[in-house]
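Protein chains in written order, with my numbering: chain A, 522 to 715; chain B, 300 to 548.
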Amino acid sequence: MNDPYSVLGVSPNASDEEVKRAYRELARKYHPDNYQNNPLADLAEEKMKAVNEAYDAIQKQRQGGGGTYGSQSASYSSSGTKDPAFARIRSAVSAGDLQLADRLLSEISDHGAEWHFLSGAVAYRRGWLDEARQHYQIACQLDPGNMEYRQALAMMNNAGGGFSSYGTGGGMSDCCTTYLCLRCLCPFDGGLFC
Amino acid sequence: MILNYDFTFLALLLAPARGESVTCRHRCHVVPTRRCMCEQSPALEQAADTSVILTYWQLEDKVRDEKGIARLKAAIVKCLLSGAYRKAAARQPEFAGVVCAQLEELRRLEQERCACVDRPADAFARLLVAAAPALPDEGQRRAMEQLLYHLGRWIYLVDARDDLQEDLKSGGYNPVALRWGDAPEDTELDLTLTHSVSLMRSAAALLELGRQTEIVENVLNYGLPAVQKAVPSGQWKQMQKHKIWSNKA
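Quick look at the structure:
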């Protein structure tokens, strides 16, 4: 493990308060909420883990206490579908194989809500944000009650969430509060994105 | 001569995170009576090569598409630039190949009058991704590619919005007009541009940019949003006309 003080960007002589402030700032920067649906979510998770480990190591050295922020996995899941064809597409998107996902989508003639949702997911992974939003809109129109689709469209309408407003952490005063609020809004885990 | 803010920003991103900067004093190539401080760095050389290669192919496009005086002007500048292009392309053959292929793709989409903003923006964004430095760390490479991709996408779309009125008059291809009409409300365009800036910022937060960190963050947090706001209102054109942001005293 790297020197925990250099991970937090503070001197070994820093006061407890300075260590805590540096930790909070980094934890807010790399918090999973800022990287929801982001193709770089795994990298942010690694950074968050390193920051948590560094803080824990310093706390132990200094015989202190205090918990660390939780790190939520941003793995993809196929639990949002019952259709095996769509499950394959979800797996392809998860693995980043967008060409395969495209091909499988083109083989499906019924362009229903899930087809549009997955087309949106493929477009999103490519960085085609306007096209992704249009697909999510159609998916929500075809199946208005589906929380996974609504969540994806809400994310697009919020310009990606976390980093869309200026100031680290999306301008929220406390990342735990942000996390709790988002969990309340998004009750279903294991969707395509989060 | 062809330096602009886009490539200055690219040079910042390509510069190594650590190490001393070496400065020197030279006569300006364009205005030889002036002596300027400049930094000697491979990153600047690479950004300059990138700029020369891209400008050369854009001029080639103009020679092909324009008529009359505009075509003649483009042909003369292209001729003047050909020596510099040969040297730059010899130093960066892969990038020159990507530029040629992606501009060909852009031309095809323009001819089709593609009404999707993402596809032509993607062709341009890939150009900037091809300019990414060969970072040994996989995570750093992915973050840099995401930053450059969305920077390219953002530049292309802002530029299309800025050119909207001229393109409507000339009948030129403009993806923003085809997607949102001749008098767009800009809400959806603003949303998708802000999303790209958000993805750039999240990528920059993961990059080790060393002494460039603050200036890159400043550009992403304040510079791009300010331009994004100024372009639809027409303020951006006024700023350029009156050279409000000129570096001249």
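A virtual CB, placed ideally from N, CA and C, is assigned to each residue, including glycine. Owing to the predicted nature of the structure, the values given are computational and were not obtained by experimental measurement.
{"query": "Same chain, Cβ closer than 8 angstroms to Phe306(B), neighbours up to 5 away in sequence not counted", "result": "Ala346, Ala347, Thr349 and Ser350"}
{"query": "Within-8 angstroms CB hit, Ala476(B) to chain A", "result": "no"}
{"query": "Residues bridged to Cys337(B) (per DSSP)", "result": "Cys323(B)"}
{"query": "Coarse secondary structure for Gly691(A), derived from DSSP in three states", "result": "Confidence in Gly691(A) is poor, its pLDDT being 39 and thus under 50, which makes the residue's placement unreliable; the coordinate value appears in the next sentence. Helix at Gly691(A)."}
{"query": "3 or more residues per run - each beta strand (DSSP E) lying fully within the stretch 371 to 403 of chain B", "result": "none"}
{"query": "Stretch-stretch touch, CB-based, cutoff 8 angstroms, three pairs: the stretch 460 to 480 of chain B with the stretch 390 to 401 of chain B", "result": "no"}
{"query": "Interface residues of the stretch 427 to 446 of chain B facing chain A [CB-CB below 8 angstroms]", "result": "Gly438, Arg441, Ala442 and Gln445"}
{"query": "Same chain, Cβ closer than 7 angstroms to Lys372(B), neighbours up to 5 away in sequence not counted", "result": "none"}
{"query": "Meets three-Cβ-pair contact criterion under 8 angstroms: the stretch 507 to 514 of chain B and the stretch 574 to 583 of chain A", "result": "no"}
{"query": "Beta-carbon separation (whole angstroms), Tyr355(B) vs Lys386(B), contact threshold 8 angstroms", "result": "In fact, because the Cβ distance is near 11 angstroms, the residues do not count as touching under 8 angstroms."}
{"query": "Host alpha helix (DSSP H) of Trp479(B) (start-end)", "result": "Pro474 to Trp479"}
{"query": "For Asn517(B), three-class secondary structure by DSSP", "result": "helix"}
{"query": "Partners in chain B for Leu564(A), counting only beta-carbon separations shorter than 8 angstroms", "result": "Gly438, Arg441, Ala442 and Leu505"}
{"query": "Exposure label - Cys494(A); buried when at least 16 CB within 10 Å", "result": "Look at the range of chain A in this structure, 522 to 715, and you will see that residue 494(A) is not part of it."}
{"query": "For Thr491(B), three-class secondary structure by DSSP", "result": "helix"}
{"query": "Alpha carbon of Gln580(A) to alpha carbon of Leu447(B), nearest angstrom", "result": "38 angstroms"}
{"query": "Closest residue to Asp664(A) among His637(A), Arg654(A) and Ala680(A) (Cα-Cα distance)", "result": "His637(A)"}
{"query": "As assigned by DSSP and simplified to three states, the class of Ser350(B)", "result": "helix"}
{"query": "Chain B contacts made by the stretch 660 to 685 of chain A, where a contact means CB separation under 8 angstroms", "result": "Met677, Asn678, Ala680, Gly681, Gly682, Gly683, Phe684 and Ser685"}
{"query": "Within-8 angstroms CB hit, Arg549(A) to chain B", "result": "no"}
{"query": "Below-8 angstroms beta-carbon distance, Arg611(A) vs any chain B residue", "result": "no"}
{"query": "Short Cβ contact (8 angstroms threshold) for Tyr455(B) with Pro483(B)", "result": "no"}
{"query": "Neighbourhood of Tyr384(B) by C-beta, 7 angstroms cutoff - its chain only, sequence neighbours within 5 removed", "result": "Val351, Ile352 and Tyr355"}
{"query": "Endpoints, the alpha helix (DSSP H) within which Phe684(A) is located", "result": "First-last for Phe684(A): undefined, no H or E at that position."}
{"query": "Helix, strand or coil at His632(A) [DSSP, three-state]", "result": "coil"}
{"query": "7 angstroms CB neighbourhood of Ile374(B) in its chain, flanking five on each side removed", "result": "Residue 374(B) is actually Ala in this sequence, not Ile. Correct list, in chain order: Val362."}
{"query": "Close-in-space but distant-in-sequence residues of the same chain around Arg425(B) (CB under 8 angstroms, 5 per side omitted)", "result": "Val397, Gln401, Tyr448 and Gly451"}
{"query": "Own chain residues within Cβ distance below 6 angstroms of Ala721(A), not counting five before or after", "result": "Given a span of 522 to 715 for chain A in the structure shown, any question on residue 721(A) remains unanswerable."}
{"query": "Check whether Ala414(B) and Arg324(B) have beta carbons under 8 angstroms apart", "result": "no"}
{"query": "Range of the contiguous alpha helix (DSSP H) that encloses Pro605(A)", "result": "Pro605 to Ser615"}
{"query": "Within-8 angstroms CB hit, Leu561(A) to chain B", "result": "yes"}
{"query": "For Ser532(B), the three-state DSSP class (helix, strand or coil)", "result": "helix"}
{"query": "Contact belief for Arg671(A) with Pro560(A) at Cβ below 8 angstroms, rounded distance in angstroms", "result": "That pair is no contact at about 22 angstroms."}
{"query": "Presumed contact (8 angstroms Cβ cut-off) between Leu621(A) and Ala606(A), rounded CB distance", "result": "Contact doesn't hold; Cβ gap of about 12 angstroms is too wide."}
{"query": "Cα-Cα separation, Ala342(B) to Glu567(A)", "result": "28 angstroms"}
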